[in-house]
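See structure below.
2 protein chains.
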Amino acid sequence: MRDSNKNNLFEAGNVYKVISGVVRISKLLPDGRRQISSFHTAGDMFGFEADELHNASAEAVTPVKVIAYKWQSLLDSTRSASVVRDLLNLTMVGLRQTQEHLLLLGRKNALERVAAFLLDMAKRTRTGSVIELAMARHDIADYLGLTLETVSRMFAELKDQGAIKLEGARRVHLLDTERLTAMSA
Amino acid sequence: MRDSNKNNLFEAGNVYKVISGVVRISKLLPDGRRQISSFHTAGDMFGFEADELHNASAEAVTPVKVIAYKWQSLLDSTRSASVVRDLLNLTMVGLRQTQEHLLLLGRKNALERVAAFLLDMAKRTRTGSVIELAMARHDIADYLGLTLETVSRMFAELKDQGAIKLEGARRVHLLDTERLTAMSA
DNA sequence: CGCTGTTTTGATTTAATTCAAGCATAGTGG
DNA sequence: CCACTATGCTTGAATTAAATCAAAACAGCG
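Protein sequences, first through last, are from chains A and B. First residue of the first sequence: 1204, per the numbering used here; consecutive thereafter. First residue of the second sequence: 1204, per the numbering used here; consecutive thereafter.
So this is what it looks like as structure tokens:
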């Protein structure tokens, strides 16, 4: 197990399980534009995207504890067969989530994206209708394919409409999940 | 093997291999907005995204021949272990490609998207620098998160810049791959 | 040759970005 | 304990890239 808030968590050839904290997976364009493909929280596994050529990076959004599994040792283990089947399942789930995110980035407007994001976060954390955002507006923007200003404006819009309440910038009360769901398109 | 140009190719519980033709995988929003997550051509496998709940659909862009493999029988086979490992690899490759596409949808402008699309198509087909587009502008638009008009304008722009030449709407000569590559990111 | 669906091109509108201040909040040291 | 600073967030005004609306040009195909 590894206790870290350093920059790049990954080495290709490993798969990771998050014990606590939040990790973001992202890719950069040469000029610095960034797209975050996913956030991972306690219990999630990641690292299926890593390979030698492709340069995705994994970074800690908050201080993080992760377990690193060596790819090689997973394949060699006596239970290898069922382990590989589990890994396949996890990767397939990841693929589905990523395709859902494609739909968001390709076809949803700013308000729909933010509404969908909040609902997704609420689903993960299971702390009722109050969510604690671990990441900055800038990270949310890079996840949703928007600018941080637009994200901020959409939060304000949702607040004005009475769908959410903000306690500081990071704690969000979902007041009307019904409506958020409808808005998330 | 299945010879088809009908609408939805998939049943969950199957994985498919394309023998010939082109398949598109897409998701719809309730109001009809569509995002195509991938096109699959001869040799490609697809179906890793399918499950009971999630509604992705696979459709033939051209008349298609595919082989359907029953998930169950793949797992039961005597060579199951290596088969599952192969499926895991394919799914991981799919995940990487999908994340690359997230970067395109979230952060690239229209010209960059179209340039990247053309290069990607060229890489797949390996017919030198001339590519035959199997799909309509509308499908390209839904893949790139644009409107068909914008796609058309970007083709015109690339033509004006001397990066490509069009022979009708569907055959594209890549005249300056170098520049297209630079433009694509 | 005349349809039908596809693609291109043009004019206008709009959603989101960019640029530019201000405002909060938390942390630091006097 | 309170100024002082750094960092992140919000808000406003102006700009812009892409969407929308609208029409013409272009295939294919019966």
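The beta carbon of each residue, even a glycine, is placed where N, CA and C say it ideally should be.
For F1251(A), the closest Cβ of chain B is nearer than 8 angstroms. Three or more pairs of CB atoms, one per stretch, sit closer than 8 angstroms, so the stretch 1234-1250 of chain A contacts the stretch 1213-1224 of chain A. Per DSSP, reduced to three states, the secondary structure at L1377(B) is strand. Only L1278, S1283 and A1284 from the stretch 1273-1285 of chain B bring a Cβ to less than 8 angstroms from some Cβ of chain A. L1293(A) and K1362(B) have their alpha carbons spaced roughly 43 angstroms apart. At least 8 angstroms separates the CB of T1353(B) from every CB of chain A.
Using a 10 angstroms sphere on the CB of E1335(A), the tally of other CB atoms stays under 16, which defines it as exposed.
Using a Cβ distance threshold of 8 angstroms, A1359(A) and L1378(A) do not count as a contacting pair.
Around Q1275(A), the same chain offers G1216 as residues with beta carbons nearer than 8 angstroms, after the five sequence neighbours per side are excluded. Rounded to the nearest whole angstrom, the CA to CA distance from D1342(A) to T1350(A) is 10 angstroms. Annotation: T1384(A) to A1319(A) spans about 7 angstroms, alpha carbon to alpha carbon.
Neighbours of D1254(B) across chain A, judged by C-beta separation under 9 angstroms: M1295, V1296 and R1299. Under the DSSP assignment, K1368(A) falls in the beta strand (DSSP E) whose first and last residues are I1367 to E1370. Of the candidates A1259(A), D1289(A), D1254(A) and G1246(A), G1246(A) places its Cα closest to the Cα of I1270(A). Rounded to whole angstroms, the Cβ separation of V1354(B) and R1340(B) is 5 angstroms, and the two are in contact under 8 angstroms.
Listed along chain A, the residues sitting closer than 7 angstroms to Q1238(B) by beta-carbon distance are L1305, L1306, G1309 and R1310. R1227(A) is outside the set of residues whose beta carbon lies under 8 angstroms from a beta carbon in chain B. Rounded to whole angstroms, D1254(A) and S1241(A) show a C-alpha spacing of 17 angstroms.
Within the stretch 1273-1306 of chain B, the complete alpha helix (DSSP H) segments at least 4 residues long are 1274-1279, listed from N- to C-terminus.
The Cβ neighbour count for G1331(B), taken over all protein chains shown within 10 Å, is under 16; the residue is labelled exposed. When secondary structure is reduced to three states using DSSP, L1314(B) falls in the helix class. Among the residues of chain A, those whose CB is under 8 angstroms from the CB of K1230(B) are Q1302, E1303, L1305 and L1306, following chain order. Beyond the five residues adjoining it in sequence on each side, A1344(B) comes within less than 6 angstroms, by CB distance, of T1350, L1351 and V1354 in the same chain, given in chain order. No Cβ-Cβ contact shorter than 8 angstroms links V1226(B) with M1338(B). Rounded to whole angstroms, the gap between the alpha carbons of L1306(B) and Q1238(A) is 5 angstroms. Approximately 17 angstroms separates the beta-carbon atoms of M1386(B) and L1308(B); this is outside 8 angstroms, ruling out the contact. Contact between L1291(A) and L1291(B) holds, with the beta-carbon distance rounding to 4 angstroms and staying under 8 angstroms. Across the structure, S1283(A) and D1289(B) are spaced so that their CA atoms are roughly 14 angstroms apart. Rounded to whole angstroms, R1356(B) and L1347(B) show a C-alpha spacing of 14 angstroms.
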